[in-house]
Structure formats: structure tokens, C-alpha cells
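Student:
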Amino acid sequence: MKIKIEDIPSQGLHKEMSYDPRELDMEIENHPYSLPVKFSTPITAIADIMLYDKELVVEVVVRYKLKMVCSRCLEEFEVGFEKRFIFNYNTRGIEVIDITPDIREEIILCYPQKPLCKPDCKGLCSGCGVNLNVERCRCKRENQEVENGQS
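Residue 57 in my numbering sits at position 56 of the sequence shown; the count goes up by one each step and never skips.
1) Which residue wins for smallest C-alpha separation from phenylalanine 86, given the options Gln12, Cys74 and Ile100?
2) Going by the CB atoms, is the gap between phenylalanine 82 and arginine 64 shorter than 8 angstroms?
3) Which class does aspartate 21 belong to by DSSP, given the choice of helix, strand or coil?
4) I'd like the span of the beta strand (DSSP E) that includes isoleucine 87, first residue to last.
5) So, for cysteine 71: in the same chain, excluding its five sequence neighbours on each side, which residues have a beta-carbon less than 7 angstroms away from its beta-carbon?
6) Kindly give me the distance between the Cβ atoms of leucine 67 and lysine 39, rounded to whole angstroms, as I take these residues to be in contact under 8 angstroms.
7) Report the residue from Ile109, Met2, Val131 and Glu76 whose alpha carbon sits nearest the alpha carbon of isoleucine 50.
8) When you compare only the Cα positions, how much space is there between tyrosine 90 and asparagine 134?
9) Taking the alpha carbon of tyrosine 112 as the point to measure from, which residue in Thr42, Arg139, Gly130 and Val80 has its own alpha carbon closest?
10) Checking 8 angstroms against the spacing of the C-beta atoms, do alanine 48 and valine 59 come in under that value?
11) Check whether the Cβ atoms of isoleucine 44 and serine 19 sit closer than 8 angstroms, and answer yes or no.
12) If we call anything under 8 angstroms between Cβ atoms a contact, is valine 61 one with isoleucine 4?
13) In whole angstroms, what is the alpha-carbon distance linking glycine 124 and methionine 69?
14) Ordered along the chain, which non-local residues of its own chain (more than five positions away) have a Cβ less than 6 angstroms from that of aspartate 103?
As C-alpha cells, then:
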């Protein structure tokens, strides 16, 4: 989102923009230290822009949905985000400011480090690997059968 300083009226400026996450290189697919992150919607940015003397204040609200993999059960899930950021810029000697890199950076900083499909996700059994949100663990039954002399 480029902001031309001379186009900002005294009452401020309201701008809306939609970004394709792929064009901003926002998705994580095969990173060795991260689970995949894919956007399921474009990124919508709504900015309220005010100019105070030589200081530009931009309040931005971004909305987007992510498809992520749960860090406990490894199931894919979708979650919506709405984030608010405030950026301040010194405009001395500047005619146009592009806030897109700052928006991109703030969104990346908001990626959940341990995404969860739900707060009480039970994850996978470390013994048999079943998704404990969907079915009961087989390890306990197998261990009980062995202890009781059944096979």
C-alpha cells in the first residue's frame, strides 16, 4: 500500500487494499523448522492515515484466514485473524511511503508458533499414533490384553 504524502487531506485518508499472500511470499511450505502455513483468503488491509506536521501515523487493520497444521494432532485446520497495527513514519524529504513491507512483517510476527486446532487438543498417542481427539488409544487395550494373558 503506497501512500502519497501530498494526497493526505487535513482530515486524514482512508484506504483499503487486498493482497495476494503468494505475491508477498507469505506462505511457509517446506521449512525445516516450521509447520506449513497457507492462506485460504487474500489479506485485506484497511488503513486510516493521518499526517501531523512531518509525522505520518497509519492505523491498519488486517484480516485473513490461515490453513495450518495442528502442532499436537497434525490435522489441518483453518483459523481467521484480525490484527491491528499502528505505524509511525517521519516524512521529511519523502514523497511516497510504501507500508506493504511493514504489514507483511507484522503478519509474519503474528504466526502462531505452536498452532492448535483447539485449545484442548489431545494430540497423538506417543505409543500407537492415533489422534486422541478422534479415537481412544489402542496401547492401553493392548497392554491390558497382554497382562490378562489374551492376544
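Just so you know, even glycine gets a beta-carbon here, dropped at the ideal spot from N, CA and C.
Source: prediction; values computed, not measured.
Tutor: Taking the structure as given:
1) Here residue 86 refers to the residue found at position 85 of the sequence shown. Ranking the options by Cα distance to phenylalanine 86, first place goes to Ile100.
2) Position 63 of the sequence shown, counting from 1, holds the residue named residue 64. Position 81 of the sequence shown, counting from 1, holds the residue named residue 82. Yes, these two residues count as a Cβ contact at 8 angstroms.
3) The residue labelled residue 21 in the question sits at position 20 within the sequence shown. Aspartate 21 falls in the coil class under three-state DSSP.
4) For the purposes of this step, residue 87 is taken as residue 86 along the sequence shown, with counting starting at 1. From DSSP, the beta strand (DSSP E) with isoleucine 87 extends over 77–91.
5) Position 70 of the sequence shown, counted from the start, is the residue given in the question as residue 71. If we look at cysteine 71 and ignore the five residues flanking it on each side, its Cβ neighbours are Phe78, Pro116, Leu117, Cys118 and Cys122.
6) Translated into the one-based positions of the sequence shown, residue 67 becomes position 66. Translated into the one-based positions of the sequence shown, residue 39 becomes position 38. Yes, leucine 67 and lysine 39 are in contact; Cβ-Cβ is about 7 angstroms, under 8 angstroms.
7) Numbered from its first residue, the sequence shown carries residue 50 at position 49. Isoleucine 50 has its Cα closest to that of Met2, out of Ile109, Met2, Val131 and Glu76.
8) Sequence index remark: in the sequence shown, residue 90 carries index 89 (1-based). Sequence index remark: in the sequence shown, residue 134 carries index 133 (1-based). Going by the C-alpha atoms only, they are around 48 angstroms apart.
9) Position 111 of the sequence shown, counted from the start, is the residue given in the question as residue 112. Comparing Cα positions, the closest option is Val80.
10) Taking the sequence shown and counting its residues from 1, the one referred to as residue 48 is at position 47. Taking the sequence shown and counting its residues from 1, the one referred to as residue 59 is at position 58. Yes, these two residues count as a Cβ contact at 8 angstroms.
11) Numbered from its first residue, the sequence shown carries residue 44 at position 43. Numbered from its first residue, the sequence shown carries residue 19 at position 18. In this structure, serine 19 lies closer than 8 angstroms to isoleucine 44 by Cβ.
12) Start at 1 with the first residue of the sequence shown, and residue 61 comes out as number 60. Start at 1 with the first residue of the sequence shown, and residue 4 comes out as number 3. Contact: no.
13) In the sequence shown, residue 124 corresponds to position 123, counting from 1. In the sequence shown, residue 69 corresponds to position 68, counting from 1. So the two alpha carbons sit approximately 15 angstroms from each other.
14) Taking the first residue of the sequence shown as position 1, residue 103 is located at position 102. Excluding residues within five positions, the ones whose Cβ falls inside 6 angstroms are Phe88.
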